[in-house]
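Numbering (the working numbering), first residue to last: 25 to 268.
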Amino acid sequence: DYHNKAYLKLLSVNNKKSPITARIEMDVHKNGKVQRKSVTVRRGDDLSDKSGGREIYEGYIINEIYCEPGNEYVDFTSKSEILRIGLPVGDIDDSAIKRQQIRKTIEEHLDKELQLNKKGIKVLSLFFIDKVAHYRYYDEQGNPQKGKYAVMFEEEYKDLITRPKYNTLFKDIDVDTASDGVHDGYFSQDKKGKLKDTSGNTNADNDAYSLIMRDKERLLSFDSKLRFIFSHSALREGWDNPNV
């Protein structure tokens with residue numbers, strides 16, 4: 025059953041006030057139903073209490089909430105699990121599903137390259153994503169950073185491309201940097217040049233659409249490493265038929 029395992033996912037930690045707190049997603053029993061909810065915890069809290077008395081969370085007592093940026097975690101007094109941001113314990117979550125989808129797409133893409141590269145046909149794979157920030161976001165200084173989908177892609181790509189099955193592909197590319205140029209995002213931009221989400225039928229979407237069209241010849245050329253495209257509401261009906 026979906027709720028019969030001790031599902032836990034660390035969402036955030038907060039040390040701005042004392043005591044230090046964390047937000048954890050878990051399955052909570054309330055009003056006769058079990059629902060996945062976010063709860064705020066601090067050191068010493070018993071997750072069995074936070075869950076509405078569910079037995080599967082017995083023994084999950086908060087031992088430490090660690091707040092060092094990039095190494096945030098929560099551990100427990102009598103359990104071996106360590107919760108790190110975005111890495112769930114227990115049932116599979118949406119991020120794990122997305123990772124599997126990305127991995128499967130990469131694997132199918134590489135299989136097609138084995139068949140089609142020798143025929144002079146370049147393979148392109150398109151990812152349509154829910155939020156631009158999941159592929160690329162900006163830090164407090166305005167510098168672009170890799171979103172979770174970009175990180176997932178690079179990890180799965182580097183794992184798959186090293187398999188003997190694909191040793192005839194990309195011989196001139198260093199595996200450690202193989203994802204550089206292999207994937208990119210085509211998104212709408214705001215007036216400051218930052219990428220943004222759009223609905224699919226705005227002037228900004230036309231700009232992103234035009235960017236892809238202008239780059240069509242480069243995309244289709246083996247001179248370009250780019251083979252995986254991430255987009256958000258930019259590639260409309262009709263683009264793929266004449267162009268891919």
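The C-beta atom is built at its ideal place from N, Cα and C for all residues, glycine as well.
Can you grab the Cα-Cα spacing for the pair residue i / residue j, in whole Å?
{"i": "residue 80", "j": "residue 30", "result": "6 Å"}
{"i": "residue 107", "j": "residue 94", "result": "13 Å"}
{"i": "residue 166", "j": "residue 112", "result": "29 Å"}
{"i": "residue 178", "j": "residue 120", "result": "15 Å"}
{"i": "residue 71", "j": "residue 150", "result": "41 Å"}
{"i": "residue 42", "j": "residue 78", "result": "28 Å"}
{"i": "residue 227", "j": "residue 185", "result": "The pLDDT assigned to residue 227 is 43, lower than 50, so where the model puts this residue is not dependable, and the model offers no usable value."}
{"i": "residue 211", "j": "residue 243", "result": "16 Å"}
{"i": "residue 249", "j": "residue 193", "result": "12 Å"}
{"i": "residue 87", "j": "residue 181", "result": "37 Å"}
{"i": "residue 68", "j": "residue 99", "result": "11 Å"}
{"i": "residue 83", "j": "residue 103", "result": "7 Å"}
{"i": "residue 168", "j": "residue 174", "result": "12 Å"}
{"i": "residue 21", "j": "residue 39", "result": "With the chain represented from 25 up to 268, any question about residue 21 goes unanswered, as that position is not in the structure."}
{"i": "residue 114", "j": "residue 247", "result": "44 Å"}
{"i": "residue 155", "j": "residue 161", "result": "10 Å"}
{"i": "residue 55", "j": "residue 64", "result": "19 Å"}
Tell me whether residue i is buried or exposed, calling it buried when 16 or more other Cβ atoms sit within 10 Å of its Cβ.
{"i": "residue 208", "result": "buried"}
{"i": "residue 138", "result": "exposed"}
{"i": "residue 159", "result": "buried"}
{"i": "residue 255", "result": "buried"}
{"i": "residue 171", "result": "buried"}
{"i": "residue 74", "result": "buried"}
{"i": "residue 33", "result": "buried"}
{"i": "residue 126", "result": "buried"}
{"i": "residue 130", "result": "buried"}
{"i": "residue 45", "result": "buried"}
{"i": "residue 89", "result": "buried"}
{"i": "residue 267", "result": "In this prediction, residue 267 has a pLDDT of 49, which is less than 50 and means its spatial position is unreliable; nothing more can be read from the coordinates."}
{"i": "residue 153", "result": "buried"}
{"i": "residue 225", "result": "Annotation note: pLDDT 45 at residue 225 (below 50); position unreliable, coordinate value reported separately. Classification of residue 225: exposed, given that the 10 Å Cβ count is below 16."}
{"i": "residue 232", "result": "Note on residue 232: pLDDT 42, under 50, position unreliable in the model; no value is reported."}
{"i": "residue 145", "result": "exposed"}
{"i": "residue 51", "result": "buried"}
Would you mind working out which of the options sits nearest residue i, comparing C-alpha positions?
{"i": "residue 191", "options": "249, 251, 39 and 134", "result": "134"}
{"i": "residue 96", "options": "182, 163 and 37", "result": "37"}
{"i": "residue 251", "options": "136, 63, 172 and 34", "result": "136"}
{"i": "residue 109", "options": "39, 241 and 49", "result": "49"}
{"i": "residue 66", "options": "53, 122 and 91", "result": "91"}
{"i": "residue 183", "options": "143, 52, 123 and 35", "result": "123"}
Return helix, strand or coil for residue i, following the three-state DSSP convention.
{"i": "residue 89", "result": "strand"}
{"i": "residue 53", "result": "strand"}
{"i": "residue 129", "result": "helix"}
{"i": "residue 222", "result": "In this prediction, residue 222 scores a pLDDT of 47, lower than 50, which makes its location untrustworthy; the coordinate-derived value is nonetheless stated afterwards. Coil."}
{"i": "residue 255", "result": "strand"}
{"i": "residue 184", "result": "helix"}
{"i": "residue 287", "result": "The chain is shown from 25 up to 268; residue 287 falls before or after that span and cannot be answered."}
{"i": "residue 175", "result": "helix"}
{"i": "residue 72", "result": "helix"}
{"i": "residue 65", "result": "strand"}
{"i": "residue 293", "result": "Missing from the structure shown is residue 293; the chain here goes from 25 to 268 and no further."}
{"i": "residue 31", "result": "coil"}
{"i": "residue 193", "result": "coil"}
{"i": "residue 142", "result": "helix"}
{"i": "residue 84", "result": "coil"}
Which residues share a DSSP beta bridge with residue i?
{"i": "residue 206", "result": "Partner(s): none; residue 206 has no beta bridge."}
{"i": "residue 36", "result": "47"}
{"i": "residue 154", "result": "Bridge partners of residue 154: none, in fact."}
{"i": "residue 149", "result": "252"}
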